[in-house]
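Each residue of the sequence shown is one higher than the one before, counting from 1293 in the numbering used here.
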Amino acid sequence: MKKFITVVPFQVSGQLRSYAYQAVGNSRLQMEDKVSFPILTAVNGYLQPGETAKVLALTPETEDGRRNLEQLEEQLDGLCVRRGLKKPQVVRIPLTEGDQVSAHVDAFQALIDQVEDNDELFACETYGTKPLSQAVMMAVQYAYRVKRNTSISCIVYGSIDRSRGRDPESWVGYVYDETALVQLDEIVRILAARKVPNPQEVIRKILNL
């Protein structure tokens, strides 16, 4: 099953904006509709009519978190109607408050509990704290290494260019395909385990393929 992992943003009311994200490095992420959640560019690009999927939404246990989750559901509804898609089940995963290690371990455990053999994984690194983003990527990589026939298809990151002025209407959203970084990490792990004498040269050759 295709599973799309995202962190529901902490933004307070009025701060969560929508953008027509411009895809960088992966044309499948390009979409014309404005959305607030870059993971929806992956849903739009990779989910096909008739397919069953899930959105795993790590959600702060706050009023803002619950409101932003509702917006995610509404925008997902709209996307599925426009594309003729079967709406993915949204699985709300409550986030433990705080940035202590135990809170991120809880998020890691909750995610891997949702991943099964033969899953195709997608994830967004845009929202949440840096340690939380790291926990998400650890969970994705753990699932790839441990689960049978589980793959990582796309990791996305949304960025906002505010260089054109202070008016939010002039800001431009970009969505980047960061999957190669995950693949590079896996390559580095294998090279280190095999004690390859010149890993830099091997990595350069692989990246140039």
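Glycine residues also receive a C-beta, built at the ideal position from the N, C-alpha and C atoms. Bear in mind the structure is a predicted one, so any value in this text is a computation, not a measurement.
Apart from the five residues just before and just after valine 1303, which ones in its own chain have a Cβ nearer than 7 Å to its Cβ? A small fix is needed here, since residue 1303 is glutamine in this sequence, not valine. Closer than 7 Å at the Cβ level, and outside the excluded window around glutamine 1303, lie Asp1356, Asn1360.
How about lysine 1295 and serine 1310: do their beta carbons lie closer than 8 Å? no
Taking the alpha helix (DSSP H) that aspartate 1369 belongs to, which residues open and close that run? 1355-1375
Terminal residues of the continuous beta strand (DSSP E) containing leucine 1382? Contrary to the premise, residue 1382 reads as valine rather than leucine in this sequence. Run containing valine 1382: 1381-1387, per the beta strand (DSSP E) assignment.
Pair within 8 Å by beta-carbon distance, glutamine 1367 and serine 1328: yes
Determine the contact status of glutamate 1478 and serine 1445, defining contact as a CB-CB distance below 8 Å. no
Give me whichever residues DSSP pairs with tyrosine 1419 in a beta bridge. The partner list for tyrosine 1419 (beta bridge, DSSP) is empty, contrary to what the question assumes.
Of the residues Val1347, Val1397, Asp1369, Gly1306, which one's Cα is nearest the Cα of glutamine 1406? Val1347
Simplified DSSP state of alanine 1349, which is helix, strand or coil: strand
Paired residues, beta bridge with serine 1443 - DSSP: Glu1412
Only counting runs of 3 or more residues, tell me where the beta strand (DSSP E) segments fall wholly within the region 1449-1475, in order along the chain. 1464-1469
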